[in-house]
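A.B. asks:
Protein chains: 2
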Amino acid sequence: MTLIDDQNNSPCKDNCPCMDYCPLGSALSLIGGKWKIPILCALFQDGTTRFNELKRKIRGITNTMLASSLKELEEEGLISREQFMEMPLRVEYSLTDDCRDLMPILNQLAHWGAQVHITK
Amino acid sequence: MTLIDDQNNSPCKDNCPCMDYCPLGSALSLIGGKWKIPILCALFQDGTTRFNELKRKIRGITNTMLASSLKELEEEGLISREQFMEMPLRVEYSLTDDCRDLMPILNQLAHWGAQVHITK
DNA sequence: CGGAATCCATGACGATACTG
DNA sequence: CAGTATCGTCATGGATTCCG
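Chain order of the listed sequences is A and B.
For the first sequence, UniProt numbering assigns the number 1 to the initial residue and increments by one for each residue that follows.
For the second sequence, UniProt numbering assigns the number 1 to the initial residue and increments by one for each residue that follows.
1. Nearest by alpha-carbon distance to L66/A: which of L43/A, Q115/A and S26/A is it?
2. Is the beta carbon of I31/A closer than 9 Å to that of L106/A?
3. For a contact defined as C-beta to C-beta under 7 Å, what are the partners of G25/B on chain A?
4. Locate the alpha helix (DSSP H) running through R56/B, then write down its first and last residues.
5. In terms of DSSP beta bridges, what is S80/A paired with?
6. Along the segment 86-101 of chain A, where does the CB come closer than 8 Å to a CB of chain B? Name the residues.
7. With a threshold of 8 Å, are at least 3 pairs of Cβ atoms found where one atom belongs to the segment 24-40 of chain A and the other to the segment 66-82 of chain A?
8. Is the beta carbon of L24/A less than 9 Å from the beta carbon of I37/B?
9. List, in chain order, every chain A residue whose beta-carbon is nearer than 7 Å to that of Q108/B.
10. For the alpha helix (DSSP H) that T48/B lies in, which residues bound it at each end?
11. Kindly indicate which residue of A114/A, K57/A and T49/A has the alpha-carbon position closest to the one of D98/B.
12. Taking C-alpha atoms, which residue in Q45/B, R59/B and P104/B lies nearest to Y93/B?
13. Figure out for me which residue from H117/B, E53/B and S26/B has the closest Cα to the Cα of V91/B.
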């Protein structure tokens with residue numbers, strides 16, 4: 001079972017590096033891959049967004065990668081998909097509450113990343 | 001230039017998803033790959049550790065991957081390497097201060113990961 | 001002991017074309 | 001408009017062997 005150590009701020013205890021299940025690795029895998037962070041950032045900044053709108057904002061992404069990344073993020077519970085039965089078809093994506101909880105943490109990570117990059 | 005938005009807790013602003021440089025992507029790339037988190041966790045929990053000791057603790061890692069991961073982490077400034085001119089050779093690895101600053105953030109990420117996994 | 005060198009398998013990712 | 005299908009490429013990681 002997973003024990004997270006709050007006493008010493010260790011990311012994980014008794015489960016990393018040697019245990020089967022690591023909640024940190026699990027969390028990182030959810031946002032891994034080349035396009036998930038840009039997608040989450042776009043949805044966070046602009047709110048509910050349609051497929052082709054996302055494709056325009058995220059420069060360089062292809063149909064294939066946007067579609068597969070969105071599908072994974074939805075399966076992981078980080079974004080929600082709403083389809084409107086209109087013609088032409090309209091599909092809107094937005095962040096879930098779980099994902100919104102994640103954003104402040106990613107913000108801290110970004111700050112840390114900016115600092116170590118400077119001092120490097 | 002990189003602007004991190006503190007007002008709304010967005011991981012990044014004006015630089016993600018469409019800008020060249022993203023401090024969040026940069027930070028994530030530093031700890032990316034299959035073995036970096038286990039290595040950092042091992043060093044955090046047990047402090048200064050030798051090469052073969054790390055190899056024993058991190059189950060499943062090979063010489064190649066441990067060596068290359070350690071080298072990358074050192075180049076990134078997350079760990080420090082000290083070599084003692086003895087026979088047999090002794091090399092000790094430990095976390096840098098920069099990396100220790102990172103640990104509480106990873107701890108939060110682990111907590112978040114544990115929660116979303118439960119509710120999923 | 002602490003690696004480096006080499007080769008190989010796999011999966012992520014990209015490009016293009018096509019569809020309901 | 002919002003995707004899927006197919007195929008090619010390349011980076012990541014694994015296995016093994018060898019070296020100072």
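Here a beta-carbon is modelled for each residue, glycine too, at the ideal position from N, C-alpha and C.
C.D. replies: Put simply:
1. Locating residue 66/A in the first sequence gives position 66, where the first residue counts as 1. The candidate whose alpha carbon is nearest that of L66/A is L43/A.
2. Position 106 of the first sequence holds residue 106/A. Position 31 of the first sequence holds residue 31/A. A contact, by the Cβ cut-off of 9 Å.
3. Taking the second sequence and counting its residues from 1, one reaches residue 25/B at position 25. Those within 7 Å of G25/B in chain A are I37.
4. Position 56 of the second sequence holds residue 56/B. Unbroken alpha helix (DSSP H) run through R56/B: F51 to K57.
5. Against the first sequence, residue 80/A aligns to sequence position 80. Answer is S94/A, bridged to S80/A.
6. Answer in chain order: D98 and D101.
7. yes
8. Locating residue 24/A in the first sequence gives position 24, where the first residue counts as 1. Locating residue 37/B in the second sequence gives position 37, where the first residue counts as 1. In contact: L24/A and I37/B (Cβ atoms closer than 9 Å).
9. Position 108 of the second sequence holds residue 108/B. Ordered by position in chain A, the residues that pass the 7 Å Cβ test against Q108/B are I105.
10. To locate residue 48/B, count along the second sequence from 1; it is residue 48. Element bounds for T48/B: n/a, residue is neither H nor E.
11. Start at 1 with the first residue of the second sequence, and residue 98/B comes out as number 98. Sorting A114/A, K57/A and T49/A by C-alpha distance to the C-alpha of D98/B places A114/A at the top.
12. Locating residue 93/B in the second sequence gives position 93, where the first residue counts as 1. Closest by alpha carbon: Q45/B.
13. Translated into positions along the second sequence, residue 91/B becomes position 91. Nearest option by C-alpha distance: E53/B.
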